[in-house]
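**Q** Residue numbers (numbering that gives the first Met the number 0): 0 to 272. From the three backbone atoms N, C-alpha and C, an ideal C-beta is built for every residue, glycine too. Please read these numbers as outputs of a predicted model, since none were measured by experiment.
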Amino acid sequence: MIDFHVHIGNLYRASYPNKIGLSVHQLIERMNREGNKISVLLPLESPEGANGYFLTEQAIEARDMYPERLIAFMCVDPRMPNYLSLIDVFVKVYGCKGLGEHINSLAFDDPRNKAIYAKCDEYGLPIDFEINTNYCYDEVGLPRLEACLKEFKNVKWCGHGPGFWSAISGDDPRGGYPPEKIKPNGALDRLLSEYDNLYADISAGSGYNGLTRDPEFTIGFVQRHWRKLLFGSDYMGHDQPIPQVEWLKNIDITPEMRYAIAEGNARKILGLD
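#1: Runs of 3 residues minimum, wholly inside the segment 60–120: which ones carry the beta strand (DSSP E) assignment?
#2: Short of 7 Å in beta carbon distance, which residues of its chain neighbour I27, apart from the five on each side in sequence? Order them along the chain.
#3: Please report how far the alpha carbon of D170 lies from the alpha carbon of Y11, in whole angstroms.
#4: Do M0 and N31 have their CB atoms nearer than 7 Å?
#5: Checking the sheet assignment: what are the DSSP bridge partners for Y258?
#6: What is the DSSP secondary structure of S14, reduced to helix, strand or coil?
#7: Tell me, please, which residues DSSP counts as bridged to C147.
#8: Under three-state DSSP, which class holds Y234?
#9: If you reduce the DSSP assignment to three classes, tell me which class D272 lands in.
#10: If G8 sits next to F53, beta carbons under 8 Å apart, how far is it from one beta carbon to the other, in whole angstroms?
#11: Would you mind listing the alpha helix (DSSP H) stretches within the segment 127–182 that are 4+ residues and don't spill past its ends, in chain order?
#12: What is the DSSP secondary structure of L229, reduced to helix, strand or coil?
#13: Note down, in chain order, each residue of its chain lying with its Cβ closer than 6 Å to the Cβ of C183, except the 5 sequence neighbours on either side.
#14: Report all residues from its chain with a CB closer than 6 Å to the CB of L85; omit the five preceding and five following residues, and keep chain order.
#15: For E150, collect the residues of the same chain with a Cβ closer than 7 Å to its Cβ; drop the 5 residues on either side in sequence, then sort them by chain order.
#16: Identify the continuous beta strand (DSSP E) that holds L21 and give its terminal residues.
#17: Identify whether A186 lies in helix, strand or coil by the three-state DSSP scheme.
#18: Can you grab the Cα-Cα spacing for the pair P177 / D2, in whole Å?
#19: What distance in whole Å lies between the Cβ atoms of G162 and T132, which are believed to be in contact at a cut-off of 8 Å?
#20: In chain order, what residues of the same chain have a beta carbon less than 6 Å from the beta carbon of V92, not counting five sequence neighbours either side?
#21: Do I167 and C135 have their C-beta atoms closer together than 7 Å?
#22: Hey, out of P110, D200, F89 and T217, whose CA is closest to I181's CA?
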């Protein structure tokens with residue numbers, strides 16, 4: 000497996016010392032137990048992202064400790080100075096393979112965010128992004144995301160979060176973890192079909208809820224989009240459950256589909272093949 004969505008570092012700072020973030024060594028131990036070959040480290044540098052910070056420099060340092068097991072992405076806050084030149088440094092000097100987790104309180108298509116997208120488009124990088132009601136927000140139908148899919152065609156867009164996965168249903172409530180059965184004609188189904196540069200990161204409660212709230216719908220959804228789904232955990236605590244592991248083992252799909260979701264799609268996006 001390749002876990003496309005992992006965080007380490009001091010993300011539980013607000014609860015310190017009662018709750019301490021994940022160390023790189025604890026991450027490797029968990030990877031070894033579960034047969035996970037590679038994890039993608041996603042820094043979080045905007046205050047809306049978590050109750051602490053995981054800096055790009057820390058991701059690079061961890062990657063350099065376990066270069067065969069870890070891939071470093073970068074993160075920049077578009078409200079900080081020199082954020083675009085930092086992307087050049089992180090790519091050219093430190094070899095970061097993508098950007099994310101991209102999450103802030105601006106609109107998804109805010110000009111400051113679009114400047115990041117344009118820079119990633121130059122490099123042909125993946126962006127792992129979260130859409131939520133207050134973070135990188137969008138409306139029903141995900142029109143802001145769709146406009147960016149059209150404008151920045153060299154970006155490999157990897158969507159995540161409640162506002163992304165709630166769009167799997169035609170009656171999208173725009174976030175949360177809706178328990179109801181999925182209605183057809185959801186924006187996510189359409190966008191994954193129409194845009195080659197959009198992928199779906201199945202991590203966290205949002206991805207798991209989207210894929211388990213209606214098992215009958217899920218089978219068809221996976222059969223339509225198995226080349227677009229990315230295994231991920233949003234793992235950030237040493238005792239955190241990862242229900243996606245068992246879901247992927249048990250869902251009734253072909254071995255080819257299972258391999259693609261587990262690691263094949265990620266390998267293509269990351270240029271590992």
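**A** In this structure, then:
#1: Qualifying beta strand (DSSP E) stretches, in chain order: 69–71 and 98–101.
#2: Around I27: Y65 and R68.
#3: Their Cα atoms are separated by approximately 34 Å.
#4: Cβ atoms of M0 and N31: not closer than 7 Å.
#5: Beta-bridge pairing links Y258 to no other residue.
#6: Helix at S14.
#7: Its beta-bridge partners do not exist; DSSP assigns none.
#8: Three-state result, Y234: strand.
#9: Note: D272 maps to coil in three-state DSSP.
#10: Indeed, because the Cβ distance is near 4 Å, the residues count as touching under 8 Å.
#11: Every unbroken stretch of the alpha helix (DSSP H) spanning 4 or more residues and falling wholly within the segment 127–182 is given here in chain order: 142–150 and 161–164.
#12: Three-state result, L229: strand.
#13: Checking the sequence shown, residue 183 turns out to be Pro, not Cys. Correct list, in chain order: G169.
#14: If we look at L85 and ignore the five residues flanking it on each side, its Cβ neighbours are V75.
#15: Contacts found: none.
#16: DSSP places L21 outside any beta strand (DSSP E), giving it a letter other than H or E.
#17: Helix at A186.
#18: Distance between the alpha carbons of P177 and D2: 25 Å.
#19: 6 Å between Cβ atoms; contact.
#20: Scanning its chain for C-beta atoms nearer than 6 Å, with the 5 sequence neighbours on each side dropped, one finds no residue around V92.
#21: Cβ atoms of I167 and C135: not closer than 7 Å.
#22: Cα-wise, what sits closest to I181 is T217.
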